[in-house]
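Residue numbers (our numbering): 1 to 301. By construction, the Cβ of each residue, glycine as well, lies at the ideal position given by its N, Cα and C atoms. Remember, it's a predicted structure, so these values are computed and weren't measured experimentally.
As structure tokens, this is what we get:
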């Protein structure tokens, strides 16, 4: 087995890399090639180089952003992706039920887990000057005040408290006024809405077991949408309880739907996020789902 490793140095991947090298020796596989991400090349270039070297398995050691870049490069190649989650929130790994508290167990699944075909999201967005951005996503893309929340997270706080760092900025933005948008699904008619945010996701579970996109699965071929629009701050209470307790039925200020594609337009530039990475000054966002294009190593069972 020719193994390639793509490692984000921010996640302190030395132990994970050492365990991968040890396992390759134990199985009498060739020594893995190890490539480190950079600010200018956060994973895609390293994954494409691994493919050019005829790697049979690519293992990424990092967080959701690094996983996204490597996943985009491996899509439609049949080369499986192994994941050792070393990021802040590791939302994708949590949704895949990968070990995220034990590096040794994560390495074992990444190298020897069962391969499974999963979906991959893709986002495109535009700014008033006509420039267009594009990115894959493994978790979700969003527009509105949730993206503003991510902008407010202090990097130092994020490093030391991990995903808990998101809660304080979230409290600051809960009472923000609703935003006017135009939303259309699968090329259908446009709908005028007032929203706090719109989420378009491949998977939907975040820490504490909160389900922001109930029913979303990694292999269902669907884009899952949540339109969040509480009229008052107190309206967040049932929304939060639904996410925490998985209440059945409809909750005021929260609408779920599914699609293959969605387009959101805004009256004034807003911030969006793609797997937690923010992009400011956006006036439209499109998200689509690509079905069964990525092969990921999962735990047995």
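Would you identify the three-state DSSP class for residue i, choosing helix, strand or coil?
i: residue 74; result: helix
i: residue 269; result: strand
i: residue 235; result: helix
i: residue 165; result: Because residue 165 carries a pLDDT of 44, less than 50, the predicted location of this residue cannot be relied on, and the following value inherits that uncertainty. Of the three classes helix, strand and coil, the one that applies to residue 165 here is helix, per DSSP.
i: residue 302; result: With the chain represented from 1 up to 301, any question about residue 302 goes unanswered, as that position is not in the structure.
i: residue 86; result: coil
i: residue 249; result: coil
i: residue 51; result: helix
i: residue 9; result: helix
i: residue 44; result: helix
i: residue 25; result: helix
i: residue 119; result: strand
i: residue 104; result: helix
i: residue 31; result: coil
i: residue 133; result: strand
On the CB-based measure, 16 or more other CB atoms within 10 Å of its CB, does residue i come out buried or exposed?
i: residue 66; result: buried
i: residue 69; result: buried
i: residue 9; result: exposed
i: residue 188; result: exposed
i: residue 146; result: buried
i: residue 11; result: buried
i: residue 272; result: buried
i: residue 237; result: exposed
i: residue 103; result: buried
i: residue 125; result: buried
i: residue 246; result: exposed
i: residue 19; result: buried
i: residue 270; result: buried
i: residue 142; result: buried
i: residue 100; result: buried
Between the options, which lies nearest to residue i when the distance is taken from Cα to Cα?
i: residue 17; options: 194, 54, 106; result: 106
i: residue 63; options: 182, 82, 200, 184; result: 82
i: residue 212; options: 276, 45, 124, 256; result: 256
i: residue 136; options: 277, 242, 127; result: 277
i: residue 95; options: 210, 231, 53, 29; result: 210
i: residue 133; options: 301, 80, 292, 280; result: 280
i: residue 89; options: 241, 117, 206; result: 206
i: residue 116; options: 44, 239, 220; result: 220
Residue i and residue j: beta carbons closer than 8 Å?
i: residue 121; j: residue 222; result: no
i: residue 203; j: residue 251; result: no
i: residue 200; j: residue 262; result: yes
i: residue 218; j: residue 119; result: yes
i: residue 195; j: residue 227; result: yes
i: residue 55; j: residue 36; result: no
i: residue 235; j: residue 253; result: yes
i: residue 266; j: residue 181; result: yes
i: residue 233; j: residue 144; result: no
To the nearest whole angstrom, what separates the beta carbons of residue i and residue j, a pair I think is in contact under 8 Å?
i: residue 58; j: residue 4; result: 5 Å
i: residue 47; j: residue 74; result: 6 Å
i: residue 98; j: residue 299; result: 7 Å
i: residue 285; j: residue 123; result: 7 Å
i: residue 14; j: residue 24; result: With a Cβ gap of about 16 Å, residue 14 and residue 24 do not count as contacting.
i: residue 297; j: residue 113; result: 4 Å
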